[in-house]
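First comes the structure, then the notes that go with it.
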Amino acid sequence: MNTLKRIDPRRPFMITAEGLKRITLGVAGAADLSGFSAPGPAHREQSKPRRTTATPQRVMLVAAHTDRGALDDHARQALAAAALLADAQTEVVLLVFGEFTGDAAASGADKLIELSMFDRRRFAPLDELNALAACVAAYAPVHVFMPDNATGDGDLGRRYAAAVNASVATHVVEIDAAHVATYVQAHRAFAVCGLPEVVLLAPNAVDPKLPFVGAGERVVWRFDGFDGEPVSSAGGAVRDLGIEETDAAGLALEEA
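Under the numbering used here, read the sequence shown as residues -3 to 252, first letter to last.
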């Protein structure tokens, strides 16, 4: 027979000044957890400072598509790269294609331009190129950052650089204020050049966690070349046949 005395997991305790839970011996009764709050600094939400409050003299532009109203990790890494390279007189402008419901300031953006008429479900490459070119003409950024992915951003960045004859670096895995680098020779060497006008960032090249926040100002900006339907579809150069939606309840389990 086991004669070991069972220890009551709800035995009384007290909270010390350091936030530690100390068992109170010799006191009967259950502990009251309603008033438990750890006062230690590790349990407090630390507010981050603003990256800059100076009047901006230059602009860095970040362009990316949203996915269901948010930026994916790759897009947030491109935004973090621009925020880390920007100095106190440089403003970071985020241009999103599609609806955006996230926190642009927490990701490092000072201004947010949302083009909700564009998203990954609408194929309008010429309209997106014209919108990006119009935004660049309006803000005259010194650099344009985009995630180098296969879901529209990488293709858009390459077509924009070719259209305006801008210097561009793709699959960038290393970046600072003076240079960018990408893998060559089957990842056995680096190709290095100065910071170009268009930077297409490879995944996981930058940590998206920032020690500061941006201003997060939402700018109302309308692209005049868009009136509800893709301009390129009317011209006949590109036709968007759309996406055929099917009710999942009407599909077999292996097809749903």
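Heads up, the beta-carbon is just placed ideally off N, CA and C, and yes, glycines get one too.
Taking the continuous alpha helix (DSSP H) assigned at residue i, which residues delimit it?
i	result
Pro299	Given a span of -3 to 252 for the chain in the structure shown, any question on residue 299 remains unanswerable.
Val132	Pro121 to Tyr135
Please state whether DSSP places residue i in a helix, a strand or coil.
i	result
Gly190	strand
Asp106	coil
Ala66	strand
Arg54	strand
Ala244	helix
Leu111	strand
Arg218	coil
Ala165	strand
Provide the residue span of the beta strand (DSSP E) that contains residue i, from first to last.
i	result
Arg155	Run containing Arg155: none in the beta strand (DSSP E); it sits in the alpha helix (DSSP H), Asp149 to Val160.
Glu213	Glu213 to Val215
Less than 6 Å between C-beta atoms, sequence neighbours within five positions excluded: which residues of the same chain meet that for residue i?
i	result
Val55	Glu87, Val89, Tyr135 and Pro137
Val215	Lys107 and Ile109
Glu170	Ala177
Would you call residue i buried or exposed, if buried means 16 or more other Cβ atoms sit within 10 Å of its Cβ?
i	result
Met10	exposed
His61	buried
Asn126	buried
Ser103	buried
Ala185	exposed
Asp172	exposed
Provide the residue(s) that pair with residue i in DSSP beta bridges, ordered along the chain.
i	result
His61	Phe93
Phe9	Ile19
Ala177	Glu170 and Val188
Under 7 Å Cβ to Cβ from residue i, same chain only, skipping five residues before and after it: list those, please.
i	result
Cys189	Ala165, His175 and Val176
In chain order, what residues of the same chain lie with their CB nearer than 8 Å to the CB of residue i, ignoring the 5 residues before and after it?
i	result
Ala159	Leu125 and Ala129
Arg155	Pro121 and Leu125
Ala66	Phe96, Thr97 and Gly98
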